[in-house]
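J.:
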Amino acid sequence: MLVKLTLSSMRKMFKDYLVLLFGLTISIAIFYMFQTLAQNKAFVEANSLISSIMFVFHVGSFILGFITIFYIFYATSFIQTLRQKEMGMYMTLGAKKGKITQLMFFETFFIGIISLVVGIIVGVGLSIGISDLLMQQLDFSVEGFKAVYTSSILTTVIFYIILFLLTSIVNAWQIGRRSVLHLLHAGQQQDFVKVSGVKTFFGVLFAIILIGIGYFAMIKIAYLQHFGVILASVTIIPGTYLVFISFLPYFLKKLKQNRQLNEKGINSFTLGQLRFRMLNLTKVLGTVAMLIALGLGAMTAGISFYHNIEIQSSMFHANDVAIHQPTEQDLEALKAMDVTEQHTYTYKVTDDGIYFLKNRLVEDPPLVQAYNAQFELPKKQRVEDKLPASSYSLQEDAGSEELPENWWTAISNEINANYYMFGTASIYIVDQAKYNEIDANENEVILARVEDFKADIPQLEKIDKGQAQIAEKYRGEPVENTGSKFTNYVALKSLASGTIFMGIFLGIAFLMMMASVLMFKLLSSAGADIHRYSMLRKIGVRKSLLKKSIYRELFLLFLFPALVGLVHVIVGMQMFSFIIIEPYTKIWIPISIFFVIYGLYYLITVHLYKRIVLPKEK
């Protein structure tokens, strides 16, 4: 009988449970996907790139699990709030408190089990989609990858069943400890908002000071370093809460005092509703604003880091590729690329060192990166330093002159004549006379720039493999890093791939859960507003005006934390300016994702709120 009553109740409140199910399903699906990537041994062994960022998926799973605990307790409390009066009626009609407690336990647990099953199915589908789409974009090998992985399923099931059991017990206990009278009158408690002039003034003042200090710390993070992170954390968090505790009520009070705005339509009622809610919502809005900043920041940083890879790999290379002793395959790969600039230099290799012909270098000087004191992308410039001596050396050599800095950069970084290619061999630049005296075969090195580095990655990879074989011959050991721009790009991408992977999916789950928390908080107090809207209808206020009032009221409540969180992210991206050259690259992508998710939850909240406070009229 109890099971039938539970199923009947769940069917009746299906639309209310649907939102909770959706949020839980997304959380479970992403958690399962992270676990699949982290535990799939064959896949990890086949991808050195994945194995190097394994901790990213474990950290992501931990953070997502922690946020899920917060989310599910908050979300199920909303469902519990909607059911309190109904539970009170059951108890009034003679139902025992123990049975009511069991009913709440079964309902919460059944919802969890349903979301767990659906979440794992969605997680499997998401994992398949990731293997087909995202892994191709990030150059992951799908060899050994299994979307259905037993250990991942077990980990997900065990974690969420424990979580659902705890939630069900807590919810049942909370219902069981309340009196029948309390349950029958649930939602009828009134809120009171008092905005004290002195407290508000100091609250607003401290909010401005704290957030100002936090923003300064984030902007100057390159100088403050670890202290800056700590300073930003201990100032921005309380500053954000003070914005909603002091500034927001004060701001609404001033809006209410504006007669022209207040007396237009039913704005007086709308603003009154906002002020009425403020006492219960300030802490929630502050929490949501901070979590929006974290979720949106995770996506923004990940995407920005990923799209800065090519820029960062260009920090030490004005040219895109240096090809020592080019083969036919190398020349064919070079022809397949859109080359914008190409130079050829000659050198000879002996047991004493590597000798480059000075005349050829001076006649056709290469481009180098001009560095400055700030962490900015250096400008490309042609080497103009004169080389009057007959012999120069990259190393300290008594028989040769010291090579000028720009030429040292050109030979070592651009032409890649360094330890990565030639090991410990000495590098010389000599004039034609000395060059002719060297009894060795002449070799060539081609230095080139291309129109689109990313588009030519396949060709550059082929060339780099050939360069690695040449480096192994000179160094006498296996070579993994040739020191080229391509290897820098691959190294940065190995780190950025995991960052963007976790940032996007964790950020989306984060934002969906936080938007759900705000939605549940607003809807849980909607019952107290029914009589207010009913009274307005009775005195002749059109239903269309009441709907507009709901849209405006909820829009402002969603807008305030969104604006604060967005400003935190925009300023906070300065924290990455010392490791990301252009931290705002592609920032419109995560912001667009955020507004889509947030906008959908706003519309869902409005729809559900209208169903509660504006019942259908016959």
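Under this note's numbering, the first residue of the sequence shown carries the number 15, and numbering increases by one thereafter.
Every residue gets a Cβ at the ideal spot worked out from N, C-alpha and C, and that includes glycine.
Could you pull the start and end residues of the alpha helix (DSSP H) that H621 belongs to?
T.: 602 to 627 is the span of the alpha helix (DSSP H), which, as asked, contains H621.
J.: For R234, which of helix, strand or coil comes out of DSSP?
T.: Residue identity check: residue 234 is Lys in the sequence provided, not Arg. Here K234 sits in coil by DSSP.
J.: What are the residues that DSSP puts in a beta bridge with Y359?
T.: The partner list for Y359 (beta bridge, DSSP) reads V459.
J.: Taking only three categories from DSSP, how would you classify E415?
T.: DSSP places E415 in strand when its eight states are reduced to three.
J.: Between the C-alpha atoms of F389 and I42, what's the straight-line distance to the nearest angstrom?
T.: Bear in mind that a pLDDT of 48 at F389, under 50, signals an unreliable position, so the model cannot answer this.
J.: Can you tell me whether H621 is buried or exposed, with buried defined as 16 or more other CB within 10 angstroms of its CB?
T.: When all chains shown are included, H621 counts as exposed.
J.: So if DSSP puts R396 in a beta bridge, which residue, or which two residues, is it bridged to?
T.: Paired residues: L381.
J.: Roughly how many whole angstroms lie between the Cα atoms of V459 and I142?
T.: Cα to Cα, V459 sits roughly 44 Å from I142.
J.: Taking L525 and G309 to be in contact with their CB atoms under 8 Å, please state how far apart those CB atoms are, rounded to whole angstroms.
T.: Confirmed, Cβ separation roughly 4 Å.
J.: Should G137 be labelled buried (16 or more other beta-carbon atoms within 10 Å of its own) or exposed?
T.: Burial call: buried.
J.: So, with DSSP's three-state summary, where would you put H331?
T.: Three-state result, H331: coil.
J.: Look up V162 in the DSSP assignment and say whether it is helix, strand or coil.
T.: Coil.
J.: Spell out the partners DSSP gives Y488 in its beta bridges.
T.: Answer is none; Y488 lacks a bridge partner.
J.: Using a Cβ-Cβ distance cut-off of 9 Å, determine whether T39 contacts chain B.
T.: You won't find chain B in this structure, because it holds only one protein chain.
J.: Could you check what DSSP says for L408 in three-state terms: helix, strand or coil?
T.: DSSP places L408 in coil when its eight states are reduced to three.
J.: CB I601 to CB F319, shorter than 9 Å?
T.: Not a contact, by the Cβ cut-off of 9 Å.
J.: Express the C-alpha separation of T39 and L130 in angstroms, rounding to a whole number.
T.: Cα to Cα, L130 sits roughly 7 Å from T39.
J.: Between the Cα of S405 and the Cα atoms of N430, L375, Q395, which residue gives the shortest distance?
T.: Answer by Cα proximity: L375.
J.: Give the DSSP-derived three-state secondary structure of Y598 in the structure shown.
T.: The answer is coil: DSSP assigns Y598 none of H, G, I, E or B.
J.: Taking DSSP's pairing of strands, which residues face L180 in a bridge?
T.: Its beta-bridge partners do not exist; DSSP assigns none.
J.: Among the candidates V493, K372, K393, V363, whose CA atom is the shortest distance from the CA of D453?
T.: It is V363.
J.: Kindly confirm or deny that the stretch 489 to 501 and the stretch 325 to 341 touch, where touching means at least three C-beta pairs closer than 8 Å.
T.: They touch, by the three-pair rule.
J.: For A350 and D466, what's the separation of their Cα atoms in angstroms?
T.: Their Cα atoms are separated by approximately 12 Å.
J.: For the alpha helix (DSSP H) containing L560, name the first residue and the last one.
T.: Start and end: 557 to 586.
J.: Just to confirm my understanding: we take V162, look at its own chain, exclude 5 residues before and 5 after, and list those with CB closer than 6 Å. What are they?
T.: Excluding positions up to five away in sequence, the list reads V138.
J.: Between A403 and E415, which are expected to be in contact by the criterion C-beta below 8 Å, what is the C-beta distance as a whole number of angstroms?
T.: About 4 Å separates the two Cβ atoms, so the contact holds.
J.: Could you name the residues that DSSP lists as bridge partners for V353?
T.: According to DSSP, V353 bridges with V464.
J.: At what residues does the alpha helix (DSSP H) containing L401 begin and finish?
T.: Looking at the DSSP string, L401 is not in any alpha helix (DSSP H), and its letter there is neither H nor E.
J.: Just how far apart, CA to CA, sit V444 and Q409?
T.: The alpha-carbon atoms of V444 and Q409 are separated by roughly 14 Å.
J.: Kindly confirm or deny that the stretch 539 to 549 and the stretch 322 to 331 touch, where touching means at least three C-beta pairs closer than 8 Å.
T.: Flag = no, the stretch 539 to 549 and the stretch 322 to 331 do not touch.
J.: Under the rule that 16 or more other beta-carbon atoms within 10 Å means buried, what is N455, buried or exposed?
T.: By the neighbour-count rule (16 or more Cβ atoms within 10 Å), N455 is not buried but exposed.
J.: Determine, using beta carbons only, whether K561 and L628 come nearer to each other than 9 Å.
T.: A contact, by the Cβ cut-off of 9 Å.
J.: Grouping DSSP H, G and I as helix and E and B as strand, with all else coil, what is I452?
T.: Note: I452 maps to coil in three-state DSSP.
J.: Excluding the five sequence neighbours on either side, which residues of its own chain have a C-beta within less than 6 Å of the C-beta of F220, listed in chain order?
T.: Result list for F220: L256, in chain order.
J.: Taking a contact to mean a Cβ-Cβ separation below 9 Å, would you say A231 touches F241 in this structure?
T.: Cβ atoms of A231 and F241: closer than 9 Å.
J.: Rounded to whole angstroms, what's the CA-CA distance from T170 to Q49? Just pull it up for me.
T.: Using only the alpha carbons, I get a separation of about 8 Å.
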